[in-house]
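As given, the protein sequences belong to chains C and D, one line each in that order. According to my numbering, the first sequence is numbered sequentially starting from 37. According to my numbering, the second sequence is numbered sequentially starting from 37.
Number of protein chains: 2
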Amino acid sequence: MLFEVTILGSSSATPTSTRYPSAQLVNLLGRFFLFDCGEGTQIQLRKLSFKIQKIQFICISHLHGDHYLGLIGLLSTMSLLNRKKEVTIFAPKGIAKILDLHFKLSYSELSFKLNIIPLQGSSMKRIFEDESCELFSFGLKHRIPCWGFKLKEKKRPRGLIKSAIEKYNIPFHLLKSIKSGSDYITPDKEVIKNQIITMDSSIPRSYAYCSDTIYFDGIIEHVFEVDMLYHEATFHSNLSKRARSTFHSTSLDAAMVAKKANVKSLLLGHFSSRYKDLNILLNEAKTIFPNVNLAIEGSKWKINKK
Amino acid sequence: MLFEVTILGSSSATPTSTRYPSAQLVNLLGRFFLFDCGEGTQIQLRKLSFKIQKIQFICISHLHGDHYLGLIGLLSTMSLLNRKKEVTIFAPKGIAKILDLHFKLSYSELSFKLNIIPLQGSSMKRIFEDESCELFSFGLKHRIPCWGFKLKEKKRPRGLIKSAIEKYNIPFHLLKSIKSGSDYITPDKEVIKNQIITMDSSIPRSYAYCSDTIYFDGIIEHVFEVDMLYHEATFHSNLSKRARSTFHSTSLDAAMVAKKANVKSLLLGHFSSRYKDLNILLNEAKTIFPNVNLAIEGSKWKINKK
């Protein structure tokens with residue numbers, strides 16, 4: 037039942053000697069999503085001894101280099117290791133041209149199929165779902181077209197109460213419909229209400245990723261009441277003018293979004309290389325939103341069941 | 037009088053947790069050349085606390101990703117740090133298309149001028165010179181068009197013998213022509229031969245870089261008698277079949293080139309990620325060429341005056 041975010045890169049624009057450009061690995065029930073893929077992502081994954089072939093979905097927020105320049109290297113390595121399983125990329129439409137040009141000029145082909153889904157529009161859109169989760173994109177406001185992502189668990193079927201199933205001696209072939217909400221009718225025509233033999237599943241969890249954006253009110257509804265919000269905090273608010281002119285956020289902006297959207301916890305990232313000690317950003321955010329952490333390289337953040 | 041090679045990446049194809057893709061920084065008398073620029077090059081330079089704005093020339097051997105995917109990130113960082121000085125790139129002609137597409141799709145412009153010189157032909161060609169050095173390209177044999185590079189000092193003027201200059205009381209304004217080989221004629225019309233008042237300058241040094249290539253006899257003349265030869269050694273000779281089919285070299289091939297070309301020293305690199313302990317490659321090369329070293333990340337190799 038794991039829902040966990042691993043930070044691979046926390047640096048904005050230019051890397052530092054310890055901070056890499058944006059990238060995060062998200063494990064939702066064994067499905068692995070990569071959110072952005074800055075230069076060095078595959079190296080970070082190697083350092084964590086993570087098997088890159090597990091990655092199935094790659095979400096690229098926008099085409100500034102610090103958010104995608106690790107993508108070609110990652111795909112090439114997957115191919116050199118003879119991957120066969122398809123990879124799905126959700127990204128601005130230009131990504132296909134970039135990949136095509138590289139593979140043409142390097143006279144190489146991938147060993148697996150790429151499924152490229154271009155991101156579109158600014159409203160909340162479901163871009164993927166399976167039986168257990170849903171992935172959404174929504175528009176951010178940056179200097180170039182840029183999208184945020186929200187990953188949500190689906191509500192799971194009700195759980196069986198083992199002792200009740202035994203008590204009423206319910207046959208195995210009926211359990212699926214009972215999990216879906218059916219009552220049980222005994223051989224004596226007694227109706228056993230579903231609530232007596234099942235319990236509600238846990239509340240679905242959610243994670244939102246806002247890579248590069250200026251503060252805007254419209255973002256609140258997109259990330260409303262998520263369990264964990266990653267929000268960029270490139271600058272301290274004493275550089276709010278610079279944040280505005282570059283379409284970035286301050287740590288205070290990020291905390292304000294978290295507060296207004298009533299999220300459970302906040303992760304700050306995309307730090308300007310000017311900050312050697314990131315506590316200046318953390319402490320500022322804490323003044324208005326207490327449950328906040330720094331998205332430092334190698335850190336892992338579990339989203340627990342409620 | 038420094039001529040020094042710093043290794044930034046030694047890995048072939050895929051990086052490992054400790055080895056980066058190909059990149060080397062070469063300092064020749066304060067001119068900084070980057071030979072290849074694999075993913076993570078700017079991060080490696082940061083770790084070495086090297087000021088990236090010092091780099092003036094970037095040589096890209098070919099367009100396989102492990103040799104150039106760090107280029108866009110490096111140029112972007114130079115620009116974000118507001119570089120004004122031109123950068124010259126020697127690379128296969130496709131590089132211009134790759135850079136154009138990225139900067140178009142990221143809606144960004146560099147703060148400095150890029151001077152892109154496309155590599156051409158397989159013969160030895162001088163592609164750059166100034167008063168102190170010359171840079172040459174020559175064709176390698178790989179799966180895609182690929183070039184090696186040779187960097188040579190120019191012969192410096194003869195040096196003045198200070199004690200002789202004082203003994204004959206030679207006026208300052210004549211020293212330049214004396215350095216160029218003129219004799220000195222005293223006020224009494226006595227001819228002082230140039231050899232008496234000057235000494236020969238040291239023999240020019242040279243470095244050759246052979247990134248990705250299968251063994252071929254034609255390479256010998258290109259790297260003949262260089263002081264230091266970097267030659268790829270992707271495989272041990274027990275995988276020579278694989279080396280041939282992928283157009284790569286074994287450690288024995290690299291040593292054979294060094295021996296036949298009568299070079300002074302050999303650096304091995306571009307190691308397959310299958311080799312955890314690289315001594316298997318080093319020891320094999322030593323069986324036919326003794327003065328050989330491993331181009332490990334962070335290692336520095338001085339080319340001393342002769």
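Every residue, glycine too, gets a C-beta built ideally from N, C-alpha and C.
Integer-rounded CB distance, given that residue j should sit under 8 Å from residue i
i	j	result
D/T42	D/K336	5 Å
C/K149	C/T249	In fact, because the Cβ distance is near 32 Å, the residues do not count as touching under 8 Å.
D/P128	D/I96	7 Å
D/P193	D/S238	Not confirmed; about 12 Å, so no contact.
D/I134	D/L110	Contact flag wrong, Cβ pair sits at about 13 Å.
Rounded separation between residue i and residue j - CA only
i	j	result
D/M114	C/L141	25 Å
C/T286	C/E268	8 Å
D/K191	D/K215	12 Å
D/C169	D/L64	8 Å
D/S242	D/E40	11 Å
D/I197	D/F172	33 Å
C/N24	C/H258	Summary: the structure shown does not reach residue 24 of chain C, with chain C confined to residues 37 through 342, and so no result is reported for it.
D/K90	D/N230	38 Å
C/L14	D/I316	Residue 14 of chain C falls outside the range modelled here, since chain C spans only 37 to 342, and no answer is possible.
D/F93	D/C182	18 Å
D/R162	D/Y143	35 Å
C/L70	C/A331	15 Å
C/A321	C/N329	9 Å
D/A244	C/F126	43 Å
C/E189	C/K341	11 Å
D/S213	D/I228	14 Å
D/V262	D/L84	27 Å
C/L304	C/L318	8 Å
D/F164	C/Y266	49 Å
D/E145	D/S247	30 Å
Cβ-based neighbour list, residue i, same chain, cut-off 6 Å, excluding 5 preceding and 5 following
i	result
D/L117	none
D/G157	none
C/Y251	S285 and D289
D/T270	S48, H284, H306 and S308
D/E75	P57, L105 and G106
C/I108	H138
C/G45	Y56, P57, S58, A59 and G74
Residues of its chain near residue i, where Cβ-Cβ distance is below 7 Å and the 5 sequence neighbours each way are ignored
i	result
C/I180	H98, L99 and H100
D/G130	L99
D/I201	I233
C/C73	A59, I94, I96, Y104, G106, L107 and L110
D/Q78	I88, G106, G109, L110 and T113
Simplified DSSP state of residue i, which is helix, strand or coil
i	result
C/N274	helix
D/R162	strand
D/H258	helix
D/L141	helix
C/I324	coil
C/M114	helix
D/M292	helix
D/R280	helix
C/F68	strand
C/I131	helix
C/H103	helix
Neighbourhood of residue i by C-beta, 8 Å cutoff - its chain only, sequence neighbours within 5 removed
i	result
C/I324	L288, A291, M292 and K295
C/T52	S309
Residues that residue i contacts on chain A, provided the C-beta gap is smaller than 9 Å
i	result
D/Y311	Judged by its chain identifiers, the structure shown contains no chain A, and its protein chains are C and D.
TODO: Give the residues from the region 98-120 of chain D that approach chain C closer than 7 Å (Cβ to any Cβ), ordered along the chain.
DONE: L99, H100, G101, L105, G106, I108, G109, S112, T113 and L116
Task: Residues within the region 52-83 of chain C neighbouring chain D, beta-carbon criterion of under 8 Å - done: T52, S53, Y56, P57, E75, G76, Q78, I79, R82 and K83
Task: chain C contacts from the region 119-140 of chain D (Cβ-Cβ distance under 9 Å) - done: Under the 9 Å Cβ criterion, the region 119-140 of chain D contributes P128, G130, I131, K133, I134, L137, H138 and K140.
TODO: Could you list the residues in the region 150-173 of chain D with a C-beta less than 8 Å from some C-beta on chain C, going in chain order?
DONE: none
Task: Residues, ordered as in the chain, of the region 171-190 of chain D that lie near chain C by beta-carbon distance below 7 Å - done: R179 and I180
Open item on the list: Against chain D, which members of the region 195-213 of chain C pass a CB distance test of less than 9 Å?
Closed with: none
Task: Members of the region 40-52 of chain D that neighbour chain C once the beta carbon cut-off is set at 7 Å - done: A49, T50, P51 and T52
TODO: For the region 265-276 of chain D, enumerate the residues whose C-beta is nearer than 7 Å to any C-beta of chain C, in chain order.
DONE: none
TODO: Mind checking the region 224-245 of chain C against chain D and listing, in chain order, the residues whose C-beta falls within less than 9 Å of any C-beta there?
DONE: none
Open item on the list: If the cut-off is 7 Å on Cβ atoms, which residues from the region 286-308 of chain C count as contacting chain D, listed in chain order?
Closed with: none
Open item on the list: Residues of the region 247-265 of chain D in Cβ contact with chain C at a cutoff of 9 Å, in chain order, please.
Closed with: none
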